[in-house]
Each structure stands twice: as structure tokens, then as C-alpha cells.
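Quick notes on the structure that follows.
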Amino acid sequence: MLHHSHSRLFPFALAIALAFVGSPATAQNATKPFTTARGEWPSYTGDARGSRYSPLDQISAANFSTLEVAWRFKTDSLGPRPEFKLESTPLMIGGTLYTTGGTGRAVVALDAVTGALKWTHKEDEGPRGTAAPRQLSGRGLAYWTDGRDERILFVTPGYRLIALDAKTGNVVPAFGTNGAVDLKADIDQEILPDITTGEIGFQGAPVVGRDVVVIGAAFREGTAPKSYKNNKGYIRGFDVRTGKRLWTFHTIPKKGEPGYDTWLNGSAEPTGNTGVWSQVTIDEELGLVYLPVESPTGDYYGGHRPGNDLYGESLVCLDLKTGAKKWHYQLVHHPIWDFDIPAAPILADITVGGRAIKAVAQPTKQGILYVFDRVTGKPVWPIEEKPVEKGEVPGEWYSPTQPMPTKPAAYAKNGTSIDDLIDFTPDLRAQAVQIASRYKLGPIFTPPVVSKADGPLGTLARGPTNGGSNWPGGAFDPETHTFYVASSNAAAVVLGLVQPSKERSDMDWIAGSAAPAGRGGGLGGGGLSVQGLSIFKPPYGTMTAINLDKGEIAWQVPHGETPDAVRNNEALKGLAIPRTGQAGFTVGTLVTKTLVIAGDPQVTTLTTRPRGAMLRAYDKKTGAEVGSVLLPAPISASPMTYSAGGKQYIVVAVSGGPYSGEFIALRLPAGGPQ
Amino acid sequence: MRGRRLGGWATRRLGDSATRRGHGALVVALVAGVFAASIGAADTHRLPVARTVWDSVYSAGQAARGESAYVKGCARCHGAALTGGDQSPPLAGSAFLGNWNGQSLIDLQQRIKTTMPSDSIGIYDAKFVTDVVAFMLKANGFPAGAAELASDDAALKDIAIRTSRPAPPN
Numbered sequence: 005m006l007h008h009s010h011s012r013l014f015p016f017a018l019a020i021a022l023a024f025v026g027s028p029a030t031a032q033n034a035t036k037p038f039t040t041a042r043g044e045w046p047s048y049t050g051d052a053r054g055s056r057y058s059p060l061d062q063i064s065a066a067n068f069s070t071l072e073v074a075w076r077f078k079t080d081s082l083g084p085r086p087e088f089k090l091e092s093t094p095l096m097i098g099g100t101l102y103t104t105g106g107t108g109r110a111v112v113a114l115d116a117v118t119g120a121l122k123w124t125h126k127e128d129e130g131p132r133g134t135a136a137p138r139q140l141s142g143r144g145l146a147y148w149t150d151g152r153d154e155r156i157l158f159v160t161p162g163y164r165l166i167a168l169d170a171k172t173g174n175v176v177p178a179f180g181t182n183g184a185v186d187l188k189a190d191i192d193q194e195i196l197p198d199i200t201t202g203e204i205g206f207q208g209a210p211v212v213g214r215d216v217v218v219i220g221a222a223f224r225e226g227t228a229p230k231s232y233k234n235n236k237g238y239i240r241g242f243d244v245r246t247g248k249r250l251w252t253f254h255t256i257p258k259k260g261e262p263g264y265d266t267w268l269n270g271s272a273e274p275t276g277n278t279g280v281w282s283q284v285t286i287d288e289e290l291g292l293v294y295l296p297v298e299s300p301t302g303d304y305y306g307g308h309r310p311g312n313d314l315y316g317e318s319l320v321c322l323d324l325k326t327g328a329k330k331w332h333y334q335l336v337h338h339p340i341w342d343f344d345i346p347a348a349p350i351l352a353d354i355t356v357g358g359r360a361i362k363a364v365a366q367p368t369k370q371g372i373l374y375v376f377d378r379v380t381g382k383p384v385w386p387i388e389e390k391p392v393e394k395g396e397v398p399g400e401w402y403s404p405t406q407p408m409p410t411k412p413a414a415y416a417k418n419g420t421s422i423d424d425l426i427d428f429t430p431d432l433r434a435q436a437v438q439i440a441s442r443y444k445l446g447p448i449f450t451p452p453v454v455s456k457a458d459g460p461l462g463t464l465a466r467g468p469t470n471g472g473s474n475w476p477g478g479a480f481d482p483e484t485h486t487f488y489v490a491s492s493n494a495a496a497v498v499l500g501l502v503q504p505s506k507e508r509s510d511m512d513w514i515a516g517s518a519a520p521a522g523r524g525g526g527l528g529g530g531g532l533s534v535q536g537l538s539i540f541k542p543p544y545g546t547m548t549a550i551n552l553d554k555g556e557i558a559w560q561v562p563h564g565e566t567p568d569a570v571r572n573n574e575a576l577k578g579l580a581i582p583r584t585g586q587a588g589f590t591v592g593t594l595v596t597k598t599l600v601i602a603g604d605p606q607v608t609t610l611t612t613r614p615r616g617a618m619l620r621a622y623d624k625k626t627g628a629e630v631g632s633v634l635l636p637a638p639i640s641a642s643p644m645t646y647s648a649g650g651k652q653y654i655v656v657a658v659s660g661g662p663y664s665g666e667f668i669a670l671r672l673p674a675g676g677p678q
Numbered sequence: 420m421r422g423r424r425l426g427g428w429a430t431r432r433l434g435d436s437a438t439r440r441g442h443g444a445l446v447v448a449l450v451a452g453v454f455a456a457s458i459g460a461a462d463t464h465r466l467p468v469a470r471t472v473w474d475s476v477y478s479a480g481q482a483a484r485g486e487s488a489y490v491k492g493c494a495r496c497h498g499a500a501l502t503g504g505d506q507s508p509p510l511a512g513s514a515f516l517g518n519w520n521g522q523s524l525i526d527l528q529q530r531i532k533t534t535m536p537s538d539s540i541g542i543y544d545a546k547f548v549t550d551v552v553a554f555m556l557k558a559n560g561f562p563a564g565a566a567e568l569a570s571d572d573a574a575l576k577d578i579a580i581r582t583s584r585p586a587p588p589n
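If you read the sequences in order, they're chains Y and A. Mapped onto my numbering, the consecutive letters of the first sequence carry residue numbers 5 to 678. Mapped onto my numbering, the consecutive letters of the second sequence carry residue numbers 420 to 589.
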């Protein structure tokens with residue numbers, strides 16, 4: 005395996021780096037020298053708590069719309085070809101921005117004020133990288149310092165944990181073996197079929213707390229897996245100094261461990277996946293780590309793994325130093341909806357009925373925020389086991405009940421009914437009803453069905469796979485105890501199952517359609533749209549604020565410009581359609597002193613401005629939109645903010661459609677003579 | 420090395436501002452009349468092309484071929500109904516159309532050809548990709564015609580993706 009490290013220290017960058025090493029701030033507080041409170045952004049979500057909060061206030065309602073481009077950094081040249089799915093949120097520490105980028109997941113350090121490149125580091129992994137289940141640039145990095153050493157940690161597509169010297173971009177030879185830990189090794193299982201092609205990887209950002217770096221595990225898209233057997237997504241903690249493995253948590257319990265008996269017929273043995281492909285959260289104060297665990301093998305069919313399948317789709321709390329389980333709560337029993345748990349759990353110190361609670365809030369694809377006491381694992385508001393429909397797929401095992409929180413109310417639509425179909429005009433409604441008639445409709449937890457050409461083609465669902473809120477998750481304002489999240493109501497997914505050929509899969513059932521793909525609508529339109537319109541009523545996407553002291557939605561507004569397909573639709577001519585918002589699962593939120601900031605996930609083409617997507621700011625108290633700026637492509641990652649040289653910056657990643665990945669830094673215009 | 424500003428696109432926009440509406444304890448501003456979009460406003464013409472995807476640019480037989488190709492090569496991640504996956508964007512509907520509105524078919528063809536399938540890029544030849552594009556056009560409701568969509572760059576370059584049917588010339 006080749007290791008390329010290119011250090012390109014320009015003289016001025018070297019000067020900055022040297023000044024930085026000697027800065028008293030570094031020495032003052034060895035454990036936490038860098039925080040969002042100081043205008044930095046030292047972790048993927050700002051802090052290790054999942055907050056995405058910064059107290060900066062230079063950019064405000066009064067001036068947001070005047071933001072200008074400070075610098076741009078195109079990621080095309082970081083890999084062998086341009087990337088169109090840039091999901092990374094940079095870190096900013098000590099005047100340097102660190103981020104992943106490019107199709108091969110390079111790491112770059114940029115000057116925070118100018119955007120000038122300081123160094124790049126790229127691992128060439130050959131076939132191991134090419135075979136990776138999670139390709140491309142990933143979501144980001146972790147930073148660690150002991151006040152002297154500064155390290156950047158990242159996971160390669162080929163699933164190796166690399167420690168870089170933050171000043172130079174060179175590997176830290178003392179870490180692991182020559183700077184790298186092979187994550188496919190020392191994982192309490194043999195990765196099959198071999199180290200090079202064995203399916204396991206991670207595209208999330210590592211997270212560090214108390215000198216422990218915690219690494220997730222991810223696999224290929226799982227609605228139609230090749231086998232019911234797969235590698236297991238165990239989660240591990242490593243010593244950030246040496247790379248030594250400290251602990252492994254078996255997300256699928258081994259024989260003799262608690263939870264093993266929730267996999268009937270010994271199905272814990274062959275079943276895999278059940279990793280954490282999103283973000284791990286750490287409470288450094290309590291020394292606890294929170295894992296949002298995904299689905300076991302087979303997103304829509306669990307007949308090969310009868311039982312509740314712990315810790316599939318469970319929020320799991322571990323001791324950070326030992327990996328010992330403190331508590332868990334399974335959000336979905338016997339997962340067959342691909343809900344996963346898609347985002348960073350958010351640590352929220354709240355006051356409920358006069359009682360201070362250290363809580364953890366978990367946003368989900370099902371649009372439900374699950375809130376627990378993060379010390380005890382007890383729900384803050386009661387969660388009731390509700391009876392749910394039993395399905396009829398041969399061989400499937402069904403949980404008779406599912407947990408349903410009593411508070412807060414769902415922030416996104418998570419079921420389907422005739423009443424949810426568009427009614428802009430009688431004609432459009434009739435077409436939507438006709439399309440829907442070919443599917444089974446129902447509330448959350450309506451099970452998948454066997455796809456039949458004469459109907460139903462599948463269960464028409466919202467929430468599964470890419471609904472609600474996905475990997476960008478939410479944000480939390482520690483001052484007002486308010487949680488913010490962007491979510492989608494219009495991500496229609498068909499839960500239909502077909503029997504695969506033996507060559508395609510050894511599963512009894514995989515996702516598929518008995519009708520030829522794309523003909524689901526049978527009307528010549530997109531399978532689940534009518535004349536380019538979603539069959540569901542708007543709003544397609546919203547921004548929601550939830551007061552976590554009360555467990556109540558404070559406000560909810562449509563998020564995103566009305567799509568071209570609505571605005572320019574002949575069938576809607578003459579109708580006044582209020583802003584619909586946009587469906588999309590890449591919308592991350594950022595909270596500052598006064599604003600909630602999030603971008604549009606879709607490009608729109610208006611007569612009044614150039615084609616593009618808006619980055620929007622809302623008054624965080626009221627939800628009123630107070631400003632916006634036009635960007636050239638969909639905002640494809642969570643924005644971040646920092647202060648450098650006396651100015652506040654907001655950095656967003658944009659990409660999508662024909663537009664390749666680019667970071668754009670925004671700041672206020674120079675003041676000029678006053 | 421002061422911050423540089425690259426021209427070419429505006430950084431400011433119109434001053435839309437949200438209003439909200441009280442509803443009991445729950446303040447929900449799902450609809451605000453001030454946002455009413457102007458329905459029927461024409462697309463901005465971005466490309467100097469004569470043809471669009473509304474001009475029956477592919478054949479039904481080609482779309483059927485593309486459908487088989489899609490099921491084999493794309494559906495695992497993008498879904499049998501083109502609804503997308505955990506990691507993969509939808510290939511039909513308004514999100515897809517919005518992001519490609521005003522672009523040409525060569526952009527779409529090249530995007531697929533140079534990035535898919537993500538774990539073995541480049542295994543699909545131009546014809547395979549063009550057939551899939553034909554199927555995607557069908558799935559998005561664009562009409563089929565007599566002639567197949569040609570996979571050469573020059574032909575694809577001259578066909579614009581347009582969310583809505585262009586108004587007939589006066």
C-alpha cells in the first residue's frame with residue numbers, strides 16, 4: 005500500500021503555524037483549548053455533543069443578506085475525478101480550516117481567512133479503496149490536542165484510521181503502524197471475504213473525547229443485499245495517542261452476552277451490518293459515549309433474523325473509557341423500515357417541570373425526536389409501546405408493538421393516507437389518488453408487502469430510507485434549550501419485496517417491484533409524481549424548533565424555495581401556491597447567537613435571480629426568515645461558522661446535479677469609511 | 420492574500436422574509452401568503468439549445484432497454500422506483516428535476532458515466548448510460564418518440580433538460 009503525504013507549507017502558513025505553537029492559549033488549558041465559545045469549530049458538530057451551536061453574533065438578521073464570498077475552494081483536483089456529493093463539514097482550529105474533500109477522501113488544511121491551501125494528505129489505497137462500501141470524501145475529521153501535539157484523525161474509504169500532524173499533514177509515525185490503524189483488523193471477527201474487498205467502512209467523522217477516539221462502521225445500501233450474512237458493525241474506541249484498541253462494543257451481541265437471545269434461532273451469528281454509519285456523540289464530562297445504531301442486514305426484510313434484534317436501531321450509551329454498556333433503548337423493534345438511527349445524538353441540558361435533566365435527544369428519519377435522561381436512559385416523556393399492524397410477508401417475523409413517544413409531537417410526516425395526497429386541482433388529485441391506489445397506505449410502522457403487479461406494488465411510506473431528517477441531524481441551542489431540525493415530508497419510498505434470483509441474493513426477499521421500475525405511476529409521469537409534482541401535499545420540507553424544556557414545537561416553517569416543478573407547472577397556472585419548501589435529506593442546521601442557518605437542498609431557477617440555491621437565516625426565536633444568500637448549487641452538508649482575524653465566517657459545502665464539490669466561505673463586506 | 424471575490428454569480432437575493440401565524444401554543448408558519456410563488460413564470464433560458472427533453476428525444480424501445488440496465492446496474496442504490504436511498508439521490512421527481520433544470524443531457528450523461536457505479540466507476544459504456552438516461556426521461560414523464568437518443572456528445576449537448584414544457588412559439 006502506498007502512502008503519499010504532500011506537505012506544502014507556504015512561508016506565511018509556516019509563520020502562522022509557529023506563532024500558533026507558541027500561543028499561550030494552547031498551553032493554558034491542555035484538555036480543552038479550543039471551543040466554539042472561542043469562535044472555533046473543533047469538532048464535526050462544533051463540539052463533541054452534537055450541538056452545531058456557536059455563540060458568534062457578528063453575522064445577524066440585520067446583515068445576513070449582505071454576506072459576500074470570502075474565498076472558495078474547489079475539491080475537483082483532490083481526487084482522480086470531480087466529486088458531486090460533498091458532505092463534509094470542516095473544522096476550524098487556531099486559524100486553520102481542516103476538511104476532507106475529493107473522490108479519494110483527501111485531507112486539506114486551509115487558511116481560515118484566505119482559503120489558501122496549507123497542506124494536503126491523500127492515502128492511495130488501491131483496490132481496497134476502490135472496493136469500499138462508503139466512497140467519496142466523507143463527512144469530516146476529528147481534532148485532538150494535549151496542548152503540545154495536535155492531531156487530525158480521519159478514516160479512509162478503505163477503513164483505516166489515520167493520525168496526521170495538524171501542522172504539517174504528515175502522518176504521526178507513533179500512532180498505530182506508521183500513522184495508521186487497520187480498522188478491518190482487531191475487530192473481534194474476521195472481515196469476509198478478505199481484507200481488501202471485505203465490506204465495512206465509514207464515511208462519518210471520527211469523534212474524540214478524553215483521549216479516546218470512537219469509530220463507527222458502515223456498509224453498502226441495504227435494501228437489496230446480496231446475502232443475509234454480512235460483516236458486523238462493531239464499534240471501537242482507540243487510544244488517540246497510540247492507536248491501541250481500548251474496547252469493542254458488539255452491536256450484535258456474541259453468544260453469552262446480554263441481548264443475544266433477542267436474535268431467535270441463533271440469527272445473531274450470520275447477521276451483519278448493525279453499525280453506526282452516522283455520528284457518535286461523546287459526553288466528556290460524564291465520560292459517556294452515545295451510539296445511534298443502524299438496521300441489521302436486510303433493510304426491509306428481517307425473516308433471516310427473527311426477534312427484536314438488539315442493538316439494531318437502538319440508542320446505546322457506553323462508558324467512554326471501557327466500552328461497557330450503561331443503557332440502551334431500542335427505538336424500533338425488529339427493524340424492517342430502514343429507519344436506522346441516522347444522525348448524531350444531541351446532548352441537551354434541559355429543565356423539565358423545574359427539574360434539571362441531562363438529556364440526550366435523538367432526531368430520526370421517522371421525524372420523531374426521542375428524548376432520554378442521558379445518565380439513566382429513561383425517557384424524559386413517556387414512550388408507550390403501541391400495537392402495530394402485523395404484516396403477511398412469508399417468513400417474516402413481526403414485533404406486535406413499537407415504541408411511540410408521547411412528546412414532542414413528530415416534526416415530519418411519517419405515514420401516508422389519502423388525505424395526504426395533493427389537491428391543487430381536481431384533476432391532479434384524481435391522478436394522485438390513482439397512483440396511490442396501486443400501493444398500500446398506512447401510518448408509521450405499516451409493514452412492507454410482497455410486490456404484486458396488480459397491486460399493491462408496495463407499501464407507500466414516508467420516513468424510511470431517506471425521509472424525515474437524515475445524517476445532517478439537528479442542532480441545539482444551549483442557551484434557550486431549543487432543538488432545531490430541517491426535515492422532509494415528501495420523500496416517498498416504496499416498501500415492496502420480491503424474491504431474488506439465487507445469483508442476485510440468498511435473501512428470501514429483497515426490495516423490488518413486480519412492475520417494471522419507473523412505471524409505478526402508470527401514467528407516464530415519474531413513478532410517484534404527477535406531472536413532475538410530488539403526490540403529497542406541501543410543505544415538502546420544513547425547519548422546526550422544539551423547546552426541549554416543554555417538549556413542544558415552538559415553530560415550524562417551510563424550508564426551501566418552491567421547486568421549479570411546482571412554480572412553472574402548467575397544471576398549476578393561475579394558482580397562488582404558498583412557499584412549499586423542498587424535500588431533501590442533506591440539510592444541516594447551524595445555530596448562532598440569534599440565527600438558525602440552513603441551505604436549500606435543491607437548485608431553483610427564478611426569473612428574478614440567477615439559477616442557484618439559497619442559504620437561509622431564520623430568527624431562532626420566531627422562525628421568521630431574516631435573510632438569505634444565493635449559492636451556485638445545492639447546499640450538501642451542514643454549515644459551520646468561526647471567527648478569524650476579527651471576522652465571522654460561515655462555510656458551506658455545495659455540490660449536486662452537474663456542479664462538483666466546492667467549499668464557499670462567506671463573511672460580511674468590508675466596512676468602508678464610516 | 421486578502422479574500423478574493425470571484426464574479427459570475429450574485430451573492431445577494433431578494434428580501435423575502437417569513438411571517439408567522441399563531442395557532443394556540445403552537446406557532447406554525449406553514450403557509451404565509453407573502454411567499455406565494457408566481458405560478459406560470461417562465462424558466463430562465465440558460466443554454467442556447469433548440470431542443471428540450473419535451474421534444475420526444477428517445478424511443479420507447481430504448482427506454483425499455485434502459486429499464487433493464489437500470490434494474491441491473493442502478494436500482495440497488497437508487498431504488499426500484501427511482502426514489503433514492505440512504506446515500507443515493509432520487510432520480511425522479513422535483514428534487515432531481517430542479518437540480519438538472521436548464522442543464523443539457525450531456526451533463527447528465529457525463530455525471531453518470533464519470534461517477535457511477537460508485538464502487539466500480541467506468542464499467543458502463545456510453546450506450547448503456549444513454550439507455551439509462553432514456554429510461555430516466557421516461558420515468559420523469561418526458562415523452563417518447565420514434566428515434567433513439569444518440570450517445571454521442573454532440574447530440575446530447577443540444578438537448579436541454581427542462582422541468583416544464585416550454586411554451587409553444589407564438
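Yeah, the Cβ is synthetic: ideal placement off N, Cα and C, and Gly gets one too.
message: Three or more C-beta pairs under 8 Å: does that hold for the stretch 310 to 321 of chain Y against the stretch 267 to 276 of chain Y?
response: yes
CA-to-CA distance, Y/A494 to Y/G536, given in whole angstroms: Residue numbering aside, residue 536 of chain Y sits at position 532 when the first sequence is read from its first letter. Residue numbering aside, residue 494 of chain Y sits at position 490 when the first sequence is read from its first letter. Roughly 13 Å separates the two Cα atoms.
field: Partners in chain Y for A/Q522, counting only beta-carbon separations shorter than 9 Å
entry: Translated into the one-based positions of the second sequence, residue 522 of chain A becomes position 103. By Cβ distance, chain Y contributes G661 and P662.
field: Three-state class that DSSP yields for Y/T611 in the structure shown
entry: Taking the first sequence and counting its residues from 1, the one referred to as residue 611 of chain Y is at position 607. Looking at Y/T611 - three-state DSSP - the assignment turns out to be coil, as it is neither helix nor strand.
query: Whose C-beta lies closer than 6 Å to the C-beta of Y/F487 among residues of the same chain, with five residues either side of it excluded?
result: In the first sequence, counting from the first residue as 1, residue 487 of chain Y sits at position 483. Result list for Y/F487: A365, G478, F480, I550 and L552, in chain order.
- prompt: Who are the neighbours of Y/T608 on chain A, taking C-beta pairs under 9 Å?
  reply: Walking along the first sequence from the start, residue 608 of chain Y turns up at place 604. The contacting residues are G517 and N520.
query: For Y/T405, which of Y/G395, Y/E289 and Y/K411 has the nearest alpha-carbon?
result: Against the first sequence, residue 405 of chain Y aligns to sequence position 401. The residue with the shortest Cα to Cα distance from Y/T405 is Y/G395.
query: Where DSSP assigns a beta bridge to Y/D186, which residues make up the other side?
result: Position 182 of the first sequence holds residue 186 of chain Y. Partner(s): Y/R164.
- prompt: How many Å lie between A/A455 and Y/A580 at the Cα?
  reply: Locating residue 455 of chain A in the second sequence gives position 36, counting from the first residue. Locating residue 580 of chain Y in the first sequence gives position 576, counting from the first residue. Reliability of the predicted coordinates at A/A455 is poor, the pLDDT of 35 falling under 50, and the value obtained from them is presented with this limitation in mind. Their Cα atoms are separated by approximately 5 Å.
field: In DSSP terms, what Y/F487 is bridged to
entry: Locating residue 487 of chain Y in the first sequence gives position 483, where the first residue counts as 1. Beta-bridge pairing links Y/F487 to Y/F480 and Y/I550.
Cβ of A/D544 within 8 Å of any chain Y Cβ: Sequence index remark: in the second sequence, residue 544 of chain A carries index 125 (1-based). With 8 Å as the cut-off, A/D544 does not count as an interface residue toward chain Y.
- prompt: Would DSSP call Y/E393 helix, strand or coil?
  reply: Counting from 1 along the first sequence, the entry for residue 393 of chain Y is found at position 389. Reduced to three states, the DSSP call for Y/E393 is coil.
message: Among the candidates Y/A621, Y/G660 and Y/S659, whose CA atom is the shortest distance from the CA of Y/A66?
response: Working through the first sequence from its first residue, we reach residue 66 of chain Y at position 62. Here the closest residue by C-alpha is Y/A621.
message: According to DSSP, Y/L594 sits in a beta bridge with which residue or residues?
response: As a working mapping, residue 594 of chain Y is identified with position 590 in the first sequence. DSSP lists Y/I601 as partners of Y/L594.
task: Quick one: list the residues of chain Y neighbouring A/T549, beta-carbon separation under 8 Å, in chain order.
output: By 1-based counting over the second sequence, the position of residue 549 of chain A is 130. Here the premise fails: no neighbours, minimum Cβ distance about 16 Å.
task: Please go through the same chain and pick out, in chain order, the residues whose beta-carbon is closer than 6 Å to the beta-carbon of A/N559, but skip the five residues on each side of it.
output: Along the second sequence, one-based indexing puts residue 559 of chain A at 140. Only A511 meet the Cβ criterion.
query: Using Cβ-Cβ distances below 9 Å, what residues of the stretch 113 to 143 of chain Y are close to chain A?
result: D115, V117, T118, G119, A120, T134, A135, A136, P137, R138, Q139 and L140
- prompt: Exposed or buried, A/A488, counting other C-beta atoms within 10 Å across all chains shown (16 or more means buried)?
  reply: Taking the first residue of the second sequence as position 1, residue 488 of chain A is located at position 69. Its Cβ being crowded by 16 or more others within 10 Å, A/A488 is buried.
query: Does Y/T469 get closer than 8 Å to chain A when you measure Cβ to Cβ?
result: Walking along the first sequence from the start, residue 469 of chain Y turns up at place 465. Cβ-Cβ to chain A under 8 Å: yes for Y/T469.
query: Tell me which same chain residues have a C-beta within less than 8 Å of the C-beta of Y/F343, skipping the five on either side of it?
result: Here residue 343 of chain Y refers to the residue found at position 339 when the first sequence is read from its first residue. Around Y/F343: S299, E317, L335, V336, T368, K369, Q370, G467 and P468.
- prompt: Near A/A494, which residues of its chain fall below 6 Å by C-beta distance, leaving aside the five closest residues on each side in sequence?
  reply: The residue given as residue 494 of chain A occupies position 75 in the second sequence. Nothing listed; no residue qualifies.
task: Flag Y/Y396 as yes if its beta-carbon sits less than 8 Å from any beta-carbon of chain A, otherwise no.
output: Here residue 396 of chain Y is taken as the residue at index 392 of the first sequence, counted from 1. The identity of residue 396 of chain Y in the sequence shown is Glu, whereas the question assumes Tyr. Chain A, which has no Cβ nearer than 8 Å to the Cβ of Y/E396, makes this no.
query: Can you list, in chain order, the residues of the stretch 226 to 255 of chain Y whose Cβ is nearer than 7 Å to any Cβ on chain A?
result: T227 and A228
field: Residues that A/C496 bridges to, as DSSP identifies them
entry: Numbered from its first residue, the second sequence carries residue 496 of chain A at position 77. Note: A/C496 sits in no beta bridge, so no partner.
message: Just to make sure I have the definition right: I need the residues of chain Y whose C-beta is within less than 7 Å of the C-beta of A/T582. Which are they?
response: As a position in the second sequence, residue 582 of chain A is number 163, starting the count at 1. Correct list: G536, D568, A569 and N572.
task: Measure from the C-beta of A/Q506 to each C-beta in chain Y and report whether the shortest distance is under 8 Å.
output: Along the second sequence, read from residue 1 onward, the residue named residue 506 of chain A stands at position 87. With 8 Å as the cut-off, A/Q506 counts as an interface residue toward chain Y.
- request: Starting from the beta carbon of A/R495, find every residue of chain Y whose beta carbon is closer than 7 Å, and list them in chain order.
  value: Taking the second sequence and counting its residues from 1, one reaches residue 495 of chain A at position 76. Result: E225 and A228.
message: Classify Y/S271: buried if its beta carbon has 16 or more other beta carbons within 10 angstroms, exposed otherwise.
response: Start at 1 with the first residue of the first sequence, and residue 271 of chain Y comes out as number 267. Y/S271 should be labelled buried.
Test: A/G503 CB closer than 8 Å to a CB of chain Y: Here the question's residue 503 of chain A lines up with position 84 in the second sequence. Yes, its Cβ sits closer than 8 Å to a Cβ of chain Y.
field: Cβ of A/S475 within 8 Å of any chain Y Cβ
entry: The residue labelled residue 475 of chain A in the question sits at position 56 within the second sequence. False, the Cβ-Cβ gap to chain Y never drops below 8 Å.
- prompt: Are Y/I426 and Y/K554 closer than 8 Å when you measure CB to CB?
  reply: On the first sequence, position 422 is the one that residue 426 of chain Y refers to. On the first sequence, position 550 is the one that residue 554 of chain Y refers to. Going by C-beta atoms, Y/I426 is not nearer than 8 Å to Y/K554.
Reference A/G521; option with closest CA among Y/A569, Y/A674 and Y/E666: On the second sequence, position 102 is the one that residue 521 of chain A refers to. Nearest C-alpha to A/G521: Y/A569.
field: As assigned by DSSP and simplified to three states, the class of A/L433
entry: What you label residue 433 of chain A is simply residue 14 of the second sequence in a count that begins at 1. Annotation note: pLDDT 29 at A/L433 (below 50); position unreliable, coordinate value reported separately. In this structure, A/L433 counts as coil in the three-state DSSP scheme.
message: Does the CB of A/S513 have a neighbour CB from chain Y at under 8 Å?
response: Your numbering for residue 513 of chain A matches position 94 in the second sequence. Judged by the 8 Å Cβ criterion, A/S513 is in contact with chain Y.
query: Taking the C-alpha atoms as reference points, what is the distance between Y/G529 and Y/R615?
result: Within the first sequence, residue 529 of chain Y is the residue found at index 525, counting from 1. Within the first sequence, residue 615 of chain Y is the residue found at index 611, counting from 1. At Y/G529 the pLDDT is 39, less than 50, meaning the model places this residue with poor confidence and gives no usable figure here.
message: Looking at the strands, I want to know which residues DSSP matches up with Y/Y646.
response: Taking the first residue of the first sequence as position 1, residue 646 of chain Y is located at position 642. BP columns for Y/Y646 point to Y/Y653.
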